[in-house]
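Everything on this sheet refers to the single structure shown next.
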Amino acid sequence: MASIVNKAHNRLLVQKQLPDGTTQPADFLDNDSIRPTPVKDRTWTSITYSAFWFAATANVSNLYSASTGQSAGLSMWEALGCSLGGQLLAGFLMALNGRAGALYRIPFPVACRASFGTWGALWPTFNRAIMSIVWNGVTSVQGAQCLYVFLHAIFPSIANIPDIMGTKSALNSAQMLCFFLYWLINCAFLFIPVPRMKKLVHVKVGVFFGATIAFVAWTLSLSGSVRKTLSEPSTVSGSEKSWMILKFFFLGLASCGTFITNAADLQRYATKPNDVIAGQVFSFPLSNFLVGVFGNVIAAASKSIFGEVVWNPLITLDMLMEGDRYTAANRAGCALISFAYVYSTVFSAIFENSIPAGNDIASLMPKYITVKRGFFICAVMSYAICPWYLLSSASVFINFLSSYQIFLSAITGILICDYYLLRRGLFDIPMLYSGHKASTYHFFHGFNLRAFAVYLIAVAPNFYGFLSQMGVKAPLGVQRFYYVAYPVGLFIAFGGYWLLNMLFPNDGIPKVSGWQEPKDFIEDHDDTFVDVVVNSSEASSDQEKGNPEDVIMKKY
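Going by full-length UniProt numbering, the residue at position 351 of the sequence shown is 351; the numbering climbs one at a time, nothing skipped.
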């Protein structure tokens, strides 16, 4: 029995490759997938990042995220303006918080070790992994709805399956069957190595935008009047409208909280550190705005067609096949559009949820979990959380979007303060992978208690509002204060972390003045030494020339 257990244990151990080509078991803080990105893999340019966001935002979720404002009473243009404003702020924060990844090419879980400690970083990593799992579940629900519309267009009898799911579920019984089928399809694509998906993702962009433009044109033609559709006024006014605008402005920011928090995961592939800026600051909000325009036009047209705003475009598609509308032409149109959305949703789920979750889960237990194993753990967990209850209505979806922001904003505030104000851009990379008590980032048994104290302080003012999102009754003032929960948590964490470190200086933070960030970081990892460039003005050239005075050799 003992030998069987030992064999199973050895099979689970992750092996890391050594310079001589041999392998050895990984440890609890290091494996190949979470080390700094090798120079040969730093291939993403400014154009790559800009193009990436137009590909990443081409998904069903972004189609109706902005249109939730319309369902709450704002006009189409007001809803779009709120969404764009929040996402402009999000793009700026992504570039700011991802700087450590862009320069040192380390993933988010490793960057967290500088602020929270080598073991304390498990908490923010766990937080981010949970959100990736939840979002993967939400995307799977959307994929199931797309697949159902496709099958409904071909097999009308699928709509006659008795429903046992109840009113709180976004999916009926027939759609639950589609959820299982979609989940299997998604899992099948996880076996394909990510680099080989490049061409499939390029196809996804064309398929999504082609189908969406056709969808927009179709709904506008059915609405009867394009001008009336695009100029439909808001149904709220006065102070209620002002609060709505404030709510959806910061909801546009909060809904991007996961991207902001783990920005380093994406920016670690940059050819040069500054290559990430244009993509995050400009392309991210603009690409979201473009998809949001399409989604809002579809939602606005639905009011003219059905007499009410249908916030979910997939429900709009299915309603176009109800009763007398179940014609051959409508069925063909719905089938083609929904099939395109199934295809695009699969790759959106993989690149926006499975990959980040795989990185985070692998970082929680790098000795036993690879990134690919993390993919499948994410897939199983995203099924287990029953995500079909998160999209039952626009209000439930809004609550979901805004609920977890208080935890992520506190983490982000601490990371930004630590990197820019305290460490002045300088990380000791080898020490980020060391659990030794002499490590710069060991703090108190691997935990930076200052970071955790500030984290709790930053979460506290918004926690009552968070409970109100979960169903606890709260006064109107508390609910409205929660509208600004993300910036409140961010600024309290940022300012509180700086103040606490000024009052109680940390030995793990160097006493330096001036900006210490190197021009670039170039590493040839051989399991013993790492070259860390520290001369900010001549970093790249001196590294190439091998000048020893400008390169510090730091041992693990």
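Where is the CB? At the ideal position from N, CA and C, for every residue including glycine.
Might you give, ordered along the chain, the residues of its own chain that have their beta carbon closer than 7 Å to the beta carbon of residue i, omitting 5 neighbours on each side?
{"i": "CYS256", "result": "GLN87, ALA90"}
{"i": "LYS303", "result": "GLU232, VAL309"}
{"i": "SER223", "result": "THR229, ALA301, SER304, ILE305"}
{"i": "ALA382", "result": "The identity of residue 382 in the sequence shown is Ser, whereas the question assumes Ala. Counting only Cβ-Cβ distances below 7 Å, and skipping sequence neighbours, we find ILE133, ASN136, GLY137, SER140."}
{"i": "TYR148", "result": "ALA174, GLN175, CYS178"}
{"i": "HIS152", "result": "ILE158, ALA159, ASP318, MET321"}
{"i": "ASN330", "result": "LEU320, MET321"}
{"i": "PHE375", "result": "LEU190, SER354, GLY358"}
{"i": "SER287", "result": "TRP53, PHE54, THR57"}
{"i": "GLY425", "result": "TYR419, TRP515, GLN516, GLU517"}
{"i": "PHE494", "result": "GLY413, ILE416, CYS417"}
{"i": "ILE161", "result": "SER173, ALA174"}
{"i": "LEU421", "result": "TRP498"}
Quick check on this structure: which residue in the options has the alpha carbon closest to the alpha carbon of residue i?
{"i": "ILE245", "options": "TYR269, ALA72, SER46, ALA263", "result": "ALA72"}
{"i": "ILE305", "options": "ALA485, MET319, ASN296, ILE416", "result": "MET319"}
{"i": "residue 569", "options": "SER513, ALA79, GLN516, ILE34", "result": "Only positions 1 to 556 of the chain appear in this structure, which leaves residue 569 out of reach."}
{"i": "ILE355", "options": "PHE108, GLY85, THR68, PRO36", "result": "PHE108"}
{"i": "PRO487", "options": "MET431, LYS519, GLN405", "result": "GLN405"}
{"i": "ASP360", "options": "ASP265, LYS511, ARG423, THR37", "result": "ASP265"}
{"i": "PHE150", "options": "ALA170, ALA129, LEU181, MET165", "result": "LEU181"}
{"i": "ARG128", "options": "ALA278, ALA263, GLN70, LYS40", "result": "ALA263"}
{"i": "ALA362", "options": "THR125, VAL39, TYR389", "result": "THR125"}
{"i": "GLY429", "options": "ALA51, GLY101, CYS146", "result": "Note that residue 429 corresponds to Ile in the displayed sequence, not to Gly. If we check each option's Cα against that of ILE429, GLY101 comes out closest."}
{"i": "ILE492", "options": "VAL297, GLY413, ASP30", "result": "GLY413"}
{"i": "PHE351", "options": "ILE154, MET197, ILE185, ASP30", "result": "MET197"}
{"i": "ASP30", "options": "SER65, ASN59, THR118, MET76", "result": "THR118"}
{"i": "ILE34", "options": "ALA278, THR212, ALA328, LEU364", "result": "LEU364"}
{"i": "ARG373", "options": "LEU421, SER225, PRO193", "result": "PRO193"}
{"i": "ILE377", "options": "LEU449, TRP183, PRO510, VAL512", "result": "TRP183"}
Measuring only the C-alpha atoms, how far is residue i from residue j?
{"i": "ARG268", "j": "PHE427", "result": "15 Å"}
{"i": "GLY210", "j": "CYS334", "result": "13 Å"}
{"i": "TYR464", "j": "VAL478", "result": "7 Å"}
{"i": "ASP163", "j": "GLY143", "result": "19 Å"}
{"i": "SER283", "j": "GLY85", "result": "14 Å"}
{"i": "ALA474", "j": "PHE339", "result": "43 Å"}
{"i": "GLY471", "j": "PHE444", "result": "38 Å"}
{"i": "PRO461", "j": "LEU93", "result": "22 Å"}
{"i": "CYS386", "j": "ARG423", "result": "42 Å"}
{"i": "SER434", "j": "THR219", "result": "58 Å"}
{"i": "HIS442", "j": "ILE315", "result": "52 Å"}
{"i": "SER65", "j": "MET502", "result": "41 Å"}
{"i": "ALA453", "j": "TRP498", "result": "12 Å"}
{"i": "TYR343", "j": "ILE154", "result": "17 Å"}
{"i": "ILE185", "j": "VAL346", "result": "8 Å"}
{"i": "ILE213", "j": "VAL236", "result": "29 Å"}
{"i": "ARG227", "j": "SER67", "result": "18 Å"}
{"i": "TRP311", "j": "TRP77", "result": "15 Å"}
{"i": "LYS168", "j": "PRO313", "result": "19 Å"}
{"i": "SER234", "j": "VAL39", "result": "52 Å"}
When the distance is taken between beta carbons, is residue j closer than 8 Å to residue i?
{"i": "GLY508", "j": "ALA458", "result": "no"}
{"i": "ALA384", "j": "THR139", "result": "no"}
{"i": "VAL291", "j": "LEU74", "result": "no"}
{"i": "ALA114", "j": "ASP418", "result": "yes"}
{"i": "TYR49", "j": "GLN280", "result": "yes"}
{"i": "SER409", "j": "GLY307", "result": "no"}
{"i": "PRO156", "j": "TYR326", "result": "yes"}
{"i": "PRO366", "j": "PHE28", "result": "yes"}
{"i": "CYS146", "j": "VAL205", "result": "no"}
{"i": "GLY120", "j": "ASN448", "result": "yes"}
Might you give, ordered along the chain, the residues of its own chain that have their beta carbon closer than 6 Å to the beta carbon of residue i, omitting 5 neighbours on each side?
{"i": "LYS272", "result": "none"}
{"i": "ALA379", "result": "CYS187"}
{"i": "THR45", "result": "THR271, ASP275"}
{"i": "THR248", "result": "Sequence check: residue 248 is Phe here, not Thr. If we look at PHE248 and ignore the five residues flanking it on each side, its Cβ neighbours are GLY69, CYS82."}
{"i": "VAL297", "result": "VAL216"}
{"i": "SER403", "result": "GLN469"}
{"i": "ASN172", "result": "ASP163, MET165"}
{"i": "PHE466", "result": "ILE406"}
{"i": "ALA451", "result": "SER115, PHE116, ILE414"}
Between residue i and the rest of its own chain, which residues show a CB-CB distance below 8 Å, the 5 nearest in sequence each way excluded?
{"i": "ASP250", "result": "Here residue 250 is Phe; the residue named in the question, Asp, does not match the sequence. Excluding sequence neighbours, PHE250 sits near GLY86, TYR483, VAL484, ALA485, TYR486, PRO487."}
{"i": "ARG105", "result": "PRO36, THR37, ARG42, ARG268, TYR269, ALA270, PHE521, GLU523"}
{"i": "ILE260", "result": "ALA90, LEU93, MET94, ASN97, LEU408, THR412"}
{"i": "VAL207", "result": "ALA340, TYR343, SER344"}
{"i": "ALA332", "result": "ALA153"}
{"i": "ILE369", "result": "VAL14, ILE361, ALA362, ILE377"}
Can you find a heavy atom of the ligand ADP that lies under 7 Å from the Cβ of residue i?
{"i": "GLY238", "result": "Of ligands this structure carries none, so the ligand ADP is not represented either."}
Is there a C-beta anywhere in chain B that falls below 8 Å from the one on residue i?
{"i": "PHE249", "result": "No chain B is present in this structure, which holds just one protein chain."}
Original post:
Is the number of C-beta pairs between the stretch 54-68 and the stretch 193-204 that are closer than 8 Å three or more?
Top reply: yes
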